[in-house]
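Undergrad: Can you read through this structure? Questions will come right after.
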Amino acid sequence: MDNTTTTTGPVEVLDANEAAETLTDANYPDESEGLSPGAKVGIGLGATAALGLAGFGLYKLGQRNGWWTPVSPIVIDDETTPSDGGSTPKAPSKPKASGRASGKPPNISLDPAGYNTILWPRSAPVRMAMLSQGYKVEVNEDALSSKDNPHPQVTRFQRDWNDVIRGLDKKQVRLPSDVKKSSLLRHYRGILQVDGIAGKNTLNALEVVLSNYTDNAIRWSSLTEQT
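With the UniProt record's numbering, letter number 178 in the sequence shown gets 178, and the count goes up by one each step, no holes.
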(Lines of atoms letter the chains of each structure in order from A and count residues from 1; the text may use other names and numbers.)
(Lines give C-alpha, C1' and ligand atoms only; values in the text may rest on other atoms or scores of the structure.)
Protein backbone atom coordinates (compact mmCIF):
# COMPACT_ATOMS: atom_id res chain seq x y z
CA MET A 1 0.00 0.00 0.00
CA ASP A 2 1.28 3.46 -0.84
CA ASN A 3 1.76 5.32 2.44
CA THR A 4 2.59 8.66 0.87
CA THR A 5 1.18 11.48 2.96
CA THR A 6 -0.75 14.05 0.95
CA THR A 7 -2.80 17.08 1.84
CA THR A 8 -5.24 19.23 -0.07
CA GLY A 9 -4.29 22.86 -0.52
CA PRO A 10 -1.40 24.81 1.06
CA VAL A 11 -0.49 24.09 4.64
CA GLU A 12 -0.12 26.94 7.10
CA VAL A 13 2.48 26.43 9.82
CA LEU A 14 1.50 27.49 13.31
CA ASP A 15 3.73 29.90 15.17
CA ALA A 16 5.67 27.95 17.81
CA ASN A 17 4.31 30.04 20.69
CA GLU A 18 0.76 29.80 19.37
CA ALA A 19 1.06 26.04 19.02
CA ALA A 20 2.46 25.67 22.53
CA GLU A 21 -0.38 27.71 24.00
CA THR A 22 -2.97 25.73 22.09
CA LEU A 23 -1.54 22.46 23.39
CA THR A 24 -2.64 23.44 26.89
CA ASP A 25 -6.23 24.23 25.89
CA ALA A 26 -7.60 20.67 25.90
CA ASN A 27 -10.13 20.25 28.73
CA TYR A 28 -11.49 16.78 29.19
CA PRO A 29 -14.42 16.70 31.64
CA ASP A 30 -14.81 14.13 34.37
CA GLU A 31 -17.20 11.36 33.29
CA SER A 32 -19.54 12.29 36.13
CA GLU A 33 -20.08 15.74 34.67
CA GLY A 34 -22.30 16.72 31.77
CA LEU A 35 -20.83 18.03 28.53
CA SER A 36 -21.78 21.61 27.73
CA PRO A 37 -21.54 22.96 24.17
CA GLY A 38 -18.64 25.13 25.30
CA ALA A 39 -16.83 22.13 26.71
CA LYS A 40 -17.32 20.22 23.47
CA VAL A 41 -15.81 23.07 21.50
CA GLY A 42 -12.93 23.26 23.97
CA ILE A 43 -12.30 19.55 23.57
CA GLY A 44 -12.38 19.73 19.81
CA LEU A 45 -10.22 22.77 19.27
CA GLY A 46 -7.81 22.12 22.12
CA ALA A 47 -7.28 18.41 21.68
CA THR A 48 -7.15 18.50 17.91
CA ALA A 49 -4.42 21.13 17.95
CA ALA A 50 -2.63 18.98 20.51
CA LEU A 51 -1.96 16.05 18.24
CA GLY A 52 1.74 16.78 18.05
CA LEU A 53 1.25 18.15 14.54
CA ALA A 54 2.13 21.81 15.05
CA GLY A 55 4.31 21.62 11.96
CA PHE A 56 1.26 20.83 9.86
CA GLY A 57 -0.78 23.67 11.32
CA LEU A 58 -3.60 21.17 11.87
CA TYR A 59 -6.19 23.56 13.17
CA LYS A 60 -5.65 26.14 10.46
CA LEU A 61 -5.52 23.40 7.86
CA GLY A 62 -8.85 22.16 9.19
CA GLN A 63 -10.33 25.64 8.92
CA ARG A 64 -9.19 25.92 5.33
CA ASN A 65 -10.64 22.54 4.38
CA GLY A 66 -13.88 22.91 6.32
CA TRP A 67 -13.29 20.08 8.77
CA TRP A 68 -15.01 21.91 11.62
CA THR A 69 -18.30 22.34 9.81
CA PRO A 70 -21.10 19.75 9.64
CA VAL A 71 -21.01 19.63 5.86
CA SER A 72 -19.77 16.06 5.60
CA PRO A 73 -19.92 14.21 8.93
CA ILE A 74 -17.70 11.20 9.43
CA VAL A 75 -19.34 7.86 8.81
CA ILE A 76 -19.61 6.07 12.14
CA ASP A 77 -20.94 2.63 12.94
CA ASP A 78 -23.97 2.06 15.13
CA GLU A 79 -23.06 0.00 18.17
CA THR A 80 -26.32 -1.93 17.82
CA THR A 81 -25.25 -3.18 14.41
CA PRO A 82 -21.54 -4.01 14.61
CA SER A 83 -21.83 -6.10 11.46
CA ASP A 84 -22.16 -2.83 9.56
CA GLY A 85 -18.60 -1.81 10.40
CA GLY A 86 -18.65 -1.56 14.18
CA SER A 87 -15.70 -1.90 16.47
CA THR A 88 -17.81 -3.08 19.39
CA PRO A 89 -15.97 -5.98 21.04
CA LYS A 90 -17.74 -9.20 21.88
CA ALA A 91 -18.55 -9.35 25.56
CA PRO A 92 -16.31 -11.78 27.44
CA SER A 93 -18.04 -14.75 29.01
CA LYS A 94 -16.77 -13.82 32.47
CA PRO A 95 -15.90 -10.12 32.54
CA LYS A 96 -13.73 -8.86 35.37
CA ALA A 97 -15.46 -5.97 37.11
CA SER A 98 -12.19 -4.47 38.31
CA GLY A 99 -10.01 -5.29 35.30
CA ARG A 100 -8.97 -2.85 32.61
CA ALA A 101 -9.26 -5.50 29.90
CA SER A 102 -13.04 -5.73 29.97
CA GLY A 103 -15.81 -3.77 28.31
CA LYS A 104 -14.94 -1.05 25.83
CA PRO A 105 -12.89 2.18 25.87
CA PRO A 106 -14.74 5.06 27.56
CA ASN A 107 -16.37 7.91 25.70
CA ILE A 108 -14.51 10.57 27.68
CA SER A 109 -16.13 13.41 25.73
CA LEU A 110 -19.56 12.34 27.05
CA ASP A 111 -20.92 13.19 23.60
CA PRO A 112 -24.35 11.53 23.29
CA ALA A 113 -23.39 10.30 19.81
CA GLY A 114 -21.07 7.83 21.53
CA TYR A 115 -17.84 9.44 20.34
CA ASN A 116 -16.42 12.97 20.19
CA THR A 117 -18.18 14.49 17.18
CA ILE A 118 -16.30 17.77 17.60
CA LEU A 119 -12.85 16.18 17.65
CA TRP A 120 -13.75 13.74 14.87
CA PRO A 121 -16.12 15.62 12.52
CA ARG A 122 -14.73 14.01 9.38
CA SER A 123 -12.22 11.38 8.30
CA ALA A 124 -9.22 13.64 7.68
CA PRO A 125 -8.70 14.64 11.36
CA VAL A 126 -8.85 10.95 12.32
CA ARG A 127 -6.16 10.19 9.78
CA MET A 128 -4.01 13.10 10.97
CA ALA A 129 -4.35 11.92 14.58
CA MET A 130 -3.29 8.40 13.70
CA LEU A 131 -0.38 9.74 11.70
CA SER A 132 0.73 11.76 14.73
CA GLN A 133 0.88 8.58 16.80
CA GLY A 134 3.08 6.75 14.33
CA TYR A 135 0.45 4.99 12.20
CA LYS A 136 1.17 5.49 8.51
CA VAL A 137 -2.20 6.34 7.07
CA GLU A 138 -2.79 8.50 4.03
CA VAL A 139 -4.10 12.00 4.76
CA ASN A 140 -7.29 12.34 2.75
CA GLU A 141 -11.06 12.26 3.24
CA ASP A 142 -11.55 8.54 2.64
CA ALA A 143 -13.48 6.94 5.48
CA LEU A 144 -11.65 4.74 7.97
CA SER A 145 -14.97 3.34 9.19
CA SER A 146 -16.05 1.27 6.20
CA LYS A 147 -16.35 -2.50 6.52
CA ASP A 148 -15.66 -2.73 2.79
CA ASN A 149 -12.21 -1.19 3.16
CA PRO A 150 -10.58 -2.03 6.53
CA HIS A 151 -7.22 -0.32 7.01
CA PRO A 152 -4.15 -2.28 8.18
CA GLN A 153 -2.91 0.66 10.25
CA VAL A 154 -6.23 0.83 12.10
CA THR A 155 -5.83 -2.90 12.74
CA ARG A 156 -2.34 -2.22 14.07
CA PHE A 157 -3.62 0.46 16.44
CA GLN A 158 -6.39 -1.81 17.69
CA ARG A 159 -3.91 -4.59 18.41
CA ASP A 160 -1.52 -2.17 20.10
CA TRP A 161 -4.35 -0.82 22.27
CA ASN A 162 -5.41 -4.30 23.33
CA ASP A 163 -1.81 -5.30 24.10
CA VAL A 164 -1.29 -2.20 26.25
CA ILE A 165 -4.55 -2.64 28.17
CA ARG A 166 -3.88 -6.32 28.82
CA GLY A 167 -0.31 -5.44 29.76
CA LEU A 168 -1.59 -2.94 32.32
CA ASP A 169 -3.80 -5.64 33.82
CA LYS A 170 -0.85 -8.02 34.08
CA LYS A 171 1.48 -5.32 35.45
CA GLN A 172 3.68 -5.76 32.40
CA VAL A 173 2.97 -2.20 31.26
CA ARG A 174 3.33 0.62 33.75
CA LEU A 175 1.99 4.15 33.54
CA PRO A 176 4.05 7.06 34.88
CA SER A 177 3.03 8.09 38.39
CA ASP A 178 4.09 11.74 38.22
CA VAL A 179 1.60 13.25 35.78
CA LYS A 180 -0.41 16.46 35.63
CA LYS A 181 -3.86 14.85 35.47
CA SER A 182 -3.77 11.43 37.12
CA SER A 183 -7.55 11.04 36.65
CA LEU A 184 -6.96 10.56 32.91
CA LEU A 185 -4.95 7.39 33.55
CA ARG A 186 -8.09 5.47 34.45
CA HIS A 187 -9.34 5.91 30.88
CA TYR A 188 -6.86 3.32 29.64
CA ARG A 189 -9.37 0.48 29.68
CA GLY A 190 -11.59 -1.58 27.40
CA ILE A 191 -10.83 -3.97 24.56
CA LEU A 192 -11.28 -3.28 20.85
CA GLN A 193 -12.48 -5.65 18.17
CA VAL A 194 -9.58 -6.00 15.75
CA ASP A 195 -11.31 -5.36 12.45
CA GLY A 196 -9.39 -2.49 10.82
CA ILE A 197 -12.41 -0.17 11.14
CA ALA A 198 -12.29 3.13 13.01
CA GLY A 199 -15.69 2.90 14.67
CA LYS A 200 -16.87 4.61 17.83
CA ASN A 201 -14.86 2.51 20.24
CA THR A 202 -11.66 2.85 18.25
CA LEU A 203 -12.10 6.63 18.07
CA ASN A 204 -12.70 6.74 21.81
CA ALA A 205 -9.49 4.77 22.39
CA LEU A 206 -7.61 7.16 20.10
CA GLU A 207 -8.98 10.10 22.09
CA VAL A 208 -7.74 8.52 25.34
CA VAL A 209 -4.28 8.26 23.78
CA LEU A 210 -4.37 11.90 22.67
CA SER A 211 -5.73 13.30 25.95
CA ASN A 212 -3.00 11.60 27.94
CA TYR A 213 -0.38 12.81 25.49
CA THR A 214 -1.69 16.36 25.71
CA ASP A 215 -2.22 16.64 29.46
CA ASN A 216 0.15 14.01 30.86
CA ALA A 217 2.90 13.97 28.21
CA ILE A 218 2.52 10.19 27.85
CA ARG A 219 3.77 9.07 24.47
CA TRP A 220 1.79 6.15 23.11
CA SER A 221 4.97 4.59 21.77
CA SER A 222 6.38 4.46 25.31
CA LEU A 223 3.50 2.17 26.28
CA THR A 224 3.47 -0.02 23.18
CA GLU A 225 7.21 -0.63 23.58
CA GLN A 226 6.53 -2.27 26.95
CA THR A 227 4.23 -4.93 25.48
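Every residue gets a Cβ at the ideal spot worked out from N, C-alpha and C, and that includes glycine.
Mapping DSSP to helix, strand and coil, what is K181?
TA: Here residue 181 is taken as the residue at index 181 of the sequence shown, counted from 1. Looking at K181 - three-state DSSP - the assignment turns out to be coil, as it is neither helix nor strand.
Undergrad: For P125, count neighbouring Cβ atoms within 10 angstroms of its own Cβ and tell me buried if that reaches 16, exposed if not.
TA: As a working note, residue 125 is residue 125 in the sequence shown. With 16 or more Cβ atoms within 10 Å of its Cβ, P125 is classed as buried.
Undergrad: Can you give me the C-alpha to C-alpha distance between I118 and N149, rounded to a whole angstrom?
TA: As a first step, residue 118 must be located in the sequence shown, where it is residue number 118. As a first step, residue 149 must be located in the sequence shown, where it is residue number 149. Distance between the alpha carbons of I118 and N149 is about 24 Å.
Undergrad: Give the single residue among R122, N107 and S145 whose Cα lies nearest to the Cα of S211.
TA: Stepping through the sequence shown from its first residue, residue 211 is reached at position 211. When each option's Cα is compared against that of S211, the closest is N107.
Undergrad: Give a yes or no on whether the C-beta atoms belonging to S221 and Q133 are separated by under 9 Å.
TA: Taking the first residue of the sequence shown as position 1, residue 221 is located at position 221. Taking the first residue of the sequence shown as position 1, residue 133 is located at position 133. Taking 9 Å as the Cβ cut-off, S221 and Q133 qualify as a contacting pair.
Undergrad: May I ask you to verify whether the stretch 139-155 touches the stretch 181-200, counting CB pairs closer than 8 Å and requiring at least 3?
TA: Judged by Cβ distances under 8 Å, the stretch 139-155 makes contact with the stretch 181-200, as three or more pairs qualify.
Undergrad: So for G52, helix, strand or coil by DSSP?
TA: Here residue 52 refers to the residue found at position 52 when the sequence shown is read from its first residue. The pLDDT assigned to G52 is 44, lower than 50, so where the model puts this residue is not dependable, and the model offers no usable value.
Undergrad: For A205, name the three-state secondary structure that DSSP assigns.
TA: Taking the sequence shown and counting its residues from 1, one reaches residue 205 at position 205. In this structure, A205 counts as helix in the three-state DSSP scheme.
Undergrad: Cutting at 6 Å between CB atoms, please list the residues of its own chain near R100, excluding the five before and the five after it.
TA: Here residue 100 is taken as the residue at index 100 of the sequence shown, counted from 1. Counting only Cβ-Cβ distances below 6 Å, and skipping sequence neighbours, we find I165, L168, D169 and R189.
Undergrad: If I measure Cβ to Cβ from R159 and keep anything under 8 Å in the same chain, skipping five residues before and after, which residues do I get?
TA: Numbered from its first residue, the sequence shown carries residue 159 at position 159. Taken in chain order, the residues that qualify are V194.
Undergrad: In whole angstroms, what separates the C-alpha of P105 from that of A205?
TA: As a first step, residue 105 must be located in the sequence shown, where it is residue number 105. As a first step, residue 205 must be located in the sequence shown, where it is residue number 205. If I take the Cα positions, the gap works out to 6 Å.
Undergrad: Between K136, L131 and E207, which lies nearest to Y115 when the distance is taken from Cα to Cα?
TA: Numbered from its first residue, the sequence shown carries residue 115 at position 115. Ranking the options by Cα distance to Y115, first place goes to E207.
Undergrad: Drop a sphere of 10 angstroms on the beta-carbon of D178, count the other beta-carbons inside from all chains shown, and report buried for 16 or more, exposed for fewer.
TA: Counting from 1 along the sequence shown, the entry for residue 178 is found at position 178. Counting Cβ neighbours within 10 Å, D178 comes out exposed, since fewer than 16 surround it.
Undergrad: Let's test the definition: count the other Cβ atoms within 10 Å of the Cβ of P112 and tell me whether it reaches 16, buried, or not, exposed.
TA: Counting from one through the sequence shown, the residue named residue 112 turns up at place 112. Answer is exposed; the Cβ neighbour count stays below 16.
Undergrad: Identify which residue in L185, R174 and K181 has its Cα closest to the Cα of T226.
TA: In the sequence shown, residue 226 corresponds to position 226, counting from 1. Residue identity differs from the one stated: residue 226 is Gln in this sequence, not Thr. Answer by Cα proximity: R174.
Undergrad: With a 10 Å radius around its C-beta and 16 neighbouring C-beta atoms as the bar for buried, classify S123 as buried or exposed.
TA: Within the sequence shown, the letter at position 123 stands for residue 123. Buried.
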